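Peer 1:
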Amino acid sequence: MSQRYLLGLDVGTSGTKALLIDGAGRVKATANVEYPMFTPRPLWAEQKPEDWWKASAAAIRAVLKKARAKGSDVAGVGLTGQMHGLVLLDKSGKVLRPCIMWNDQRTAKQCAAITKKVGAKRVIALTGNPVLPGFTAPKIAWVRENEPGVFRKAAKALLPKDYIRYRLTGEFFGEVSDASGTSLFDVGRRRWSDEMLKAVGVPRAWLPEITESPVASTRVSATAAAATGLVAGTPVVGGGGDQAAQAVGTGIVSEGAVSVTLGTSGVVFAASDRYRVEPSGLLHAFCHAVPGKWHLMGVMLSAGGSLRWYRDALCGEEKALAARRGCDPYEIMIAEAAKAPAGCEGLIFLPYLTGERTPHPDPLARGAFVGLTLRHGKGHLTRAVLEGVAYGLADSLTLMRELKLSVREIRASGGGARSPLWRQILADVFRAPVATVNSTDGAAYGAALLAGVGTGAFKSVESAAAKAVKVTGRTGVEKKTAAVYARYYPRYRALYPALKEEFAAVSGAGEG
Numbered sequence: 154m155s156q157r158y159l160l161g162l163d164v165g166t167s168g169t170k171a172l173l174i175d176g177a178g179r180v181k182a183t184a185n186v187e188y189p190m191f192t193p194r195p196l197w198a199e200q201k202p203e204d205w206w207k208a209s210a211a212a213i214r215a216v217l218k219k220a221r222a223k224g225s226d227v228a229g230v231g232l233t234g235q236m237h238g239l240v241l242l243d244k245s246g247k248v249l250r251p252c253i254m255w256n257d258q259r260t261a262k263q264c265a266a267i268t269k270k271v272g273a274k275r276v277i278a279l280t281g282n283p284v285l286p287g288f289t290a291p292k293i294a295w296v297r298e299n300e301p302g303v304f305r306k307a308a309k310a311l312l313p314k315d316y317i318r319y320r321l322t323g324e325f326f327g328e329v330s331d332a333s334g335t336s337l338f339d340v341g342r343r344r345w346s347d348e349m350l351k352a353v354g355v356p357r358a359w360l361p362e363i364t365e366s367p368v369a370s371t372r373v374s375a376t377a378a379a380a381t382g383l384v385a386g387t388p389v390v391g392g393g394g395d396q397a398a399q400a401v402g403t404g405i406v407s408e409g410a411v412s413v414t415l416g417t418s419g420v421v422f423a424a425s426d427r428y429r430v431e432p433s434g435l436l437h438a439f440c441h442a443v444p445g446k447w448h449l450m451g452v453m454l455s456a457g458g459s460l461r462w463y464r465d466a467l468c469g470e471e472k473a474l475a476a477r478r479g480c481d482p483y484e485i486m487i488a489e490a491a492k493a494p495a496g497c498e499g500l501i502f503l504p505y506l507t508g509e510r511t512p513h514p515d516p517l518a519r520g521a522f523v524g525l526t527l528r529h530g531k532g533h534l535t536r537a538v539l540e541g542v543a544y545g546l547a548d549s550l551t552l553m554r555e556l557k558l559s560v561r562e563i564r565a566s567g568g569g570a571r572s573p574l575w576r577q578i579l580a581d582v583f584r585a586p587v588a589t590v591n592s593t594d595g596a597a598y599g600a601a602l603l604a605g606v607g608t609g610a611f612k613s614v615e616s617a618a619a620k621a622v623k624v625t626g627r628t629g630v631e632k633k634t635a636a637v638y639a640r641y642y643p644r645y646r647a648l649y650p651a652l653k654e655e656f657a658a659v660s661g662a663g664e665g
C-alpha cells in the first residue's frame, strides 16, 4: 500500500503554498507559486482570483512532484489563506471584479455608516469585533455604492480560500474561523447574522453554507483533478483563516495556550474554550478552527519591523562590522543589548512606527525613545527596542487576562523568536514561560492537520496537534528581571495616553 498524504494549501498575500505531510505530521514536501498584488489607487489593494487558482494548481502539481507522489496518495485537502477579501461572482460563477483584499483601506466611510446604523455596541455584541476597513462587509457596501453595475450582477460573495474551494470542487462552502472576519457572522452562535446581513444589504443566498473547520464538506471535481493532478472525489475540509490555521499548526488549540508571532508585525493569539469579547472591541474575537472553541487576537503593527528600522537607521557600524565578519548584523546588535541592564536604566521605546492597532487603534501614533540620558549607549537603545516591543505585545496579553483567560504557556514564532535574549525578555515581561516548537510551516501545516481530522487520520484537532507539534525549547521566567519589568511596564502604558494629542499634532505638522 502506498503512503497516504495530507495536503495543506495556503492562499497567501504574496503566493500560494502547498504542503504535504504524512500520517505522523512529518512534512514531506512544500512548493510555492507567487502572484502580484495591484494598487490601482492609493490605499487600495487588489488581486485577481484567477491568479490564485493558477498558482494553486501549479503548487499542487509541484508538491506532488517533489514528494514523488501521485494524486491517489492524497487522502484529503485542507484550505487556508488570507482573510477578509471580497470575491464577487455572477450567477454563472464568473468573477465580476478583482478581489478587494484584507489590507485595502478604501472603506472608512462604509465602516462608519454600518456602525452608525447598527450601533457600535450592538455590532460588537453580534460579531465580536468593530466594523474595520479590512473586513468584508464594508467592501460589499463600497461596491454597491461605487460599482452598481457589478453589484447588480453579483450572486455570490466568497472569501479567498473559499473561492479556491469553489474552483476545486464546484461547490460553495465556508467555515467558521474565516467567516468570523466578515462583520456578517454571529461569532458567538457560529452562524451568519441575519441582523448584520439586513443592515449591510447582503442577500443570504450570496453567502456559502458554513461548517466547522475540520468537516469534509466537499470533494475534488473531475475538472479540478485534471488541472491539479489530484484525484476526483478527494475530500476537501473546511480549513481555516490563516491565523486560526497557524494556531492549529503550532498547537494553540485549548485554553491556556497562547502564541506570539514576532514578524514585521506582532500577533498575540489565545485559544478560548468559551466565547469572550473585549467590550470595546480592542481584541479580535473569532471562532477557532477547533470545533466549539474561539480565539482572541491582538495585533501590533511594528514588532520585528521596529528592530529592522533601528538596524537600518542607527546601526550602520554594526552592519559594516557584520559584513567584515560574515555574520548577521542582528547578532552584533543583540550582543550589545545583552550587556545593558533590564529596564535600560529608565529608557523606554514606544514601537508605534506605523501607527498602532492593539490596544491603541490609532494610525497617528508614533514611535519614540523616552528617558534618554548621557548614560545611555547603543546597547541601551537596542535593548529598549526589544523591551518596547515586548511591552506592546503585553498590552494584548493584559487585555486577555482581564477577560479571565488563563495563560499557562506562550509559544513564540517568527524571525524575532530566534533570539534567546528576546525570548527571555518576553518571558519576563509576560511573567510566563516562552516555548518554541518544531512547526515552522505556518498556516499550510495547520490546514494539512485539519485535513487529517476531517478524513479520520486524527480523532480531533487537539489530538492532531498533540501528535504532530512538539516543544523544542522553553525559556523560564527570571524572577528578578520580571520584577524590574513589573515596575517599568506601567510607565510604558502611561506614555501613549500622555502623548496621544502630541502624536496627532506632529503628524499634522509633517503634512505638505
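Just so we're aligned, residue 154 is where the sequence shown starts under the numbering used here, counting upward by one.
C-beta atoms are modelled at their ideal positions from N, C-alpha and C, and glycine is treated no differently.
Everything numeric in this text was worked out from a predicted model, so none of it was measured.
1) Counting only the same chain and skipping the five closest in sequence on each side, list residues whose C-beta sits under 7 Å from that of R640.
2) So K314 and D331 are supposed to be a Cβ contact under 8 Å. How far apart are they, rounded?
3) Going along the chain, which unbroken runs of the beta strand (DSSP E) with 3 or more residues stay wholly within the region 252 to 309?
4) Leaving out the 5 sequence neighbours to the left and right, which residues in its chain are closer than 7 Å to G665 when beta-carbon positions are compared?
5) Quick one: what does DSSP say R428 is sitting in, helix, strand or coil?
6) DSSP has N185 in a bridge; who is on the other side?
7) By a C-beta neighbour count over all protein chains shown, 10 Å radius and 16 as the cutoff for buried, is E555 buried or exposed?
8) Work out the CA separation of G605 and A212 for me, nearest whole Å.
9) Taking the alpha-carbon positions, what's the A375 to G386 distance?
10) Sorted by chain position, which residues of the same chain lie with C-beta nearer than 6 Å to M154's C-beta, five sequence neighbours on each side aside?
11) Please state the DSSP three-state secondary structure of L217.
12) Use the C-beta contact count for L527: other C-beta atoms within 10 angstroms, 16 or more gives buried, fewer gives exposed.
13) Excluding five sequence neighbours on each side, which residues of the same chain lie with their C-beta closer than 7 Å to the C-beta of A600?
14) Tell me, to the nearest whole angstrom, how far the beta carbon of A456 is from that of S418; I am working on the premise that it is less than 8 Å.
15) Mind checking whether P388 and G224 have CB atoms under 8 Å apart?
16) Are the region 466 to 474 and the region 425 to 435 touching by the rule of at least three beta carbon pairs closer than 8 Å?
17) Secondary structure at Y158, three-state DSSP: helix, strand or coil?
18) Helix, strand or coil for P388, going by three-state DSSP, please let me know.
19) Specify the secondary structure class of D481 as computed by DSSP and reduced to three states.
20) Here's the rule: buried if 16 or more other CB atoms are within 10 angstroms of the residue's CB, otherwise exposed. What is D339?
21) Check each candidate in R576, L312, V276, L321 and name the one with the smallest Cα separation from L415.
Peer 2: By the coordinates alone:
1) Position 487 of the sequence shown, counted from the first residue, corresponds to residue 640. So the list is empty, once near-sequence residues are dropped.
2) One-based indexing of the sequence shown puts residue 314 at position 161. One-based indexing of the sequence shown puts residue 331 at position 178. The pair is a contact, with the Cβ atoms about 7 Å apart (cut-off 8 Å).
3) Those beta strand (DSSP E) runs which fall completely within the region 252 to 309 and span 3+ residues do not exist here.
4) Position 512 of the sequence shown, counted from the start, is the residue given in the question as residue 665. A caution first: G665 carries a pLDDT of 49, below 50, which makes its placement in the model too unreliable to give a value.
5) Within the sequence shown, the letter at position 275 stands for residue 428. Note on identity: in this sequence residue 428 is Tyr, with Arg being the wrong assignment. For Y428, the three-state secondary structure derived from DSSP is coil.
6) For the purposes of this step, residue 185 is taken as the residue at position 32 of the sequence shown. In the DSSP output, where bridge partners are listed per residue, N185 has K170.
7) As a position in the sequence shown, residue 555 is number 402, starting the count at 1. When all chains shown are included, E555 counts as exposed.
8) Your numbering for residue 212 matches position 59 in the sequence shown. Your numbering for residue 605 matches position 452 in the sequence shown. Straight-line Cα distance between these residues: approximately 20 Å.
9) The residue labelled residue 375 in the question sits at position 222 within the sequence shown. The residue labelled residue 386 in the question sits at position 233 within the sequence shown. Each residue's Cα considered, the two are about 8 Å apart.
10) As a first step, residue 154 must be located in the sequence shown, where it is residue number 1. In this prediction, M154 scores a pLDDT of 36, lower than 50, which makes its location untrustworthy; the coordinate-derived value is nonetheless stated afterwards. Within the same chain, no residue comes within 6 Å of M154 by CB-CB distance, once the 5 residues on both sides are set aside.
11) What you label residue 217 is simply residue 64 of the sequence shown in a count that begins at 1. L217 falls in the helix class under three-state DSSP.
12) As a position in the sequence shown, residue 527 is number 374, starting the count at 1. L527 comes out exposed.
13) For the purposes of this step, residue 600 is taken as the residue at position 447 of the sequence shown. Once the five neighbours on either side are set aside, the close Cβ partners of A600 are G161, L162, D163, G231, L232, T233, G392, G393, A398.
14) The count along the sequence shown starts at 1 and reaches residue 456 at position 303. The count along the sequence shown starts at 1 and reaches residue 418 at position 265. The beta-carbon distance between A456 and S418, rounded to whole angstroms, is 6 Å. This is short enough to meet the 8 Å contact definition.
15) The sequence position of residue 388 within the sequence shown is 235, counting from 1. The sequence position of residue 224 within the sequence shown is 71, counting from 1. Not closer than 8 Å, so no.
16) Taking one beta carbon from each stretch, the region 466 to 474 and the region 425 to 435 have fewer than 3 pairs nearer than 8 Å; the two do not touch.
17) Working through the sequence shown from its first residue, we reach residue 158 at position 5. DSSP places Y158 in strand when its eight states are reduced to three.
18) Position 235 of the sequence shown, counted from the start, is the residue given in the question as residue 388. The answer is strand: DSSP assigns P388 an E or B state.
19) Taking the first residue of the sequence shown as position 1, residue 481 is located at position 328. Residue state for D481 is assigned as coil, using DSSP reduced to three classes.
20) The residue you call residue 339 lines up with position 186 of the sequence shown. Its Cβ being crowded by 16 or more others within 10 Å, D339 is buried.
21) The residue you call residue 415 lines up with position 262 of the sequence shown. When each option's Cα is compared against that of L415, the closest is R576.
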